[in-house]
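Mind the numbering: the sequence shown is residues 0 to 254 in numbering that gives the first Met the number 0, read in order.
Okay, so here's the structure we're looking at.
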Amino acid sequence: MTAFQPALTEEDLRRNLAAIRARIDAACARSGRDPQEVRLLPVSKTVEVERLRLAYAAGVREMGENKVQEAHGKWQAMREAMPDLRWCLIGHLQTNKAKFVAEFASEFHALDSLRVAQALDTRLQALGRSLDVLVQVNTSGEASKFGLEPAEVVAFVQALPAFGALKVRGLMTLAMHTTEEAQVRRCFVLLRQLRERLQQETAYGGAIAQLSMGMSGDFEWAVEEGSTTVRVGQAIFGARALPDSHYWPEGSAPA
0 MTAFQPALTE EDLRRNLAAI RARIDAACAR SGRDPQEVRL LPVSKTVEVE
50 RLRLAYAAGV REMGENKVQE AHGKWQAMRE AMPDLRWCLI GHLQTNKAKF
100 VAEFASEFHA LDSLRVAQAL DTRLQALGRS LDVLVQVNTS GEASKFGLEP
150 AEVVAFVQAL PAFGALKVRG LMTLAMHTTE EAQVRRCFVL LRQLRERLQQ
200 ETAYGGAIAQ LSMGMSGDFE WAVEEGSTTV RVGQAIFGAR ALPDSHYWPE
250 GSAPA
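Here it is as structure tokens:
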């Protein structure tokens, strides 16, 4: 496994961001895609506020976080000085935390429950806000991962127009936790095929355009298979001190 060195300075972060962007661009070239179609979402879980300020100075304007309370605390610490910094929640959400997400998040990438959809919608409506959401799909079939089974996705998405504050933008997945390229790519292909079905079979049509897939260890394969957002953490900020089980408590792969 790649050993990710800690990025401790603005220069370190600029260098890492540029290196990841170059790899994204190369993957686009190999697959005949426009690099501007692929967004790099830095995943800042476990990264302290001081280094996030350096990332902001290096040009980062959005962060991906797994744990609601950690993300909310960072938002509170940084919102006055950096009001244009967007926060994207990419981890599993319990209904009792929906009120926090509704308050500060710009995106939520892990919707897989109508109860959570209802809780978010109720709170967002009260605040006069809307929220871009992606539906999480368990494409690997691993019991350790959250997300809907592929067969459940169409019916689930067909129920979402009832929640007017939720703007459904696409799908998210974590690929199988393996170094076997074919198995990882199979997850990405399945998500792309599900998007095509949703565009044809639901009222959202082409509005369901985003595919959030690919992390530090597999984002190039994801780009080649059609990803529009790659979620990269350790390859930007360096290895995390806490084990992945702390942030993916069900054992899912790291970002």
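Glycine is no exception: its CB is placed at the ideal position from the N, C-alpha and C atoms.
Model, not experiment: these values are computed from the prediction.
Closest by C-alpha distance to residue i, when choosing among the options
| i | options | result |
| --- | --- | --- |
| residue 222 | 110, 21, 127 | 21 |
| residue 182 | 112, 139, 129 | 139 |
| residue 60 | 42, 145, 237, 32 | 42 |
| residue 56 | 38, 64, 80, 178 | 80 |
| residue 220 | 51, 91, 37, 157 | 37 |
| residue 32 | 224, 236, 237, 235 | 224 |
| residue 215 | 7, 10, 15 | 15 |
| residue 203 | 158, 232, 191, 218 | 158 |
| residue 85 | 62, 233, 234 | 62 |
| residue 207 | 218, 217, 192 | 192 |
| residue 111 | 82, 156, 69 | 156 |
| residue 168 | 194, 94, 93, 82 | 194 |
| residue 67 | 93, 82, 7, 50 | 93 |
For residue i, the first and last residue of its enclosing alpha helix (DSSP H)
| i | result |
| --- | --- |
| residue 70 | 67 to 77 |
| residue 147 | From DSSP, residue 147 is part of no alpha helix (DSSP H); its letter is neither H nor E. |
| residue 238 | Element bounds for residue 238: n/a, residue is neither H nor E. |
| residue 219 | 218 to 223 |
| residue 158 | 152 to 158 |
Own chain residues within Cβ distance below 6 Å of residue i, not counting five before or after
| i | result |
| --- | --- |
| residue 97 | 118, 119, 122 |
| residue 106 | 87, 131 |
| residue 162 | 116, 120 |
| residue 211 | 108, 133, 171, 228 |
| residue 226 | 210, 212, 213 |
| residue 166 | 129, 131 |
| residue 5 | 237 |
| residue 246 | Low confidence applies here, because residue 246 scores a pLDDT of 45, under 50, leaving its location unreliable and the question unanswered by this model. |
| residue 9 | 53, 56, 57 |
Limits of the beta strand (DSSP E) - the one that residue i falls within
| i | result |
| --- | --- |
| residue 230 | 228 to 231 |
| residue 134 | 130 to 135 |
| residue 180 | That residue, residue 180, is in no beta strand (DSSP E); its alpha helix (DSSP H) goes 180 to 200. |
| residue 122 | That residue, residue 122, is in no beta strand (DSSP E); its alpha helix (DSSP H) goes 113 to 126. |
Same chain only: Cβ atoms within 7 Å of residue i, ignoring 5 sequence neighbours per side
| i | result |
| --- | --- |
| residue 205 | 198 |
| residue 48 | 73, 76, 77 |
| residue 34 | 23, 24, 27 |
| residue 71 | 99, 103 |
| residue 200 | 153 |
| residue 248 | Its pLDDT being 44, under 50, residue 248 is placed unreliably in this model, and the coordinates cannot settle the point. |
| residue 148 | 137 |
| residue 188 | 224 |
Cβ neighbours of residue i in the same chain (closer than 8 Å, five flanking residues each side left out)
| i | result |
| --- | --- |
| residue 240 | 45 |
| residue 13 | 57, 58 |
| residue 126 | 101, 102 |
Simplified DSSP state of residue i, which is helix, strand or coil
| i | result |
| --- | --- |
| residue 259 | Only positions 0 to 254 of the chain appear in this structure, which leaves residue 259 out of reach. |
| residue 82 | coil |
| residue 88 | strand |
| residue 104 | coil |
| residue 96 | helix |
| residue 54 | helix |
| residue 2 | coil |
Identified DSSP bridge partners for residue i
| i | result |
| --- | --- |
| residue 171 | 135, 211 |
| residue 257 | In the structure as shown, the chain starts at 0 and stops at 254, and residue 257 therefore has no counterpart that could be examined. |
| residue 165 | 130 |
| residue 16 | Answer by DSSP bridge pairing: none, since residue 16 is not bridged. |
Residue i beta carbon near the ligand FMN (any heavy atom closer than 8 Å)
| i | result |
| --- | --- |
| residue 138 | With respect to the ligand FMN, the structure offers nothing, as it holds no ligand at all. |
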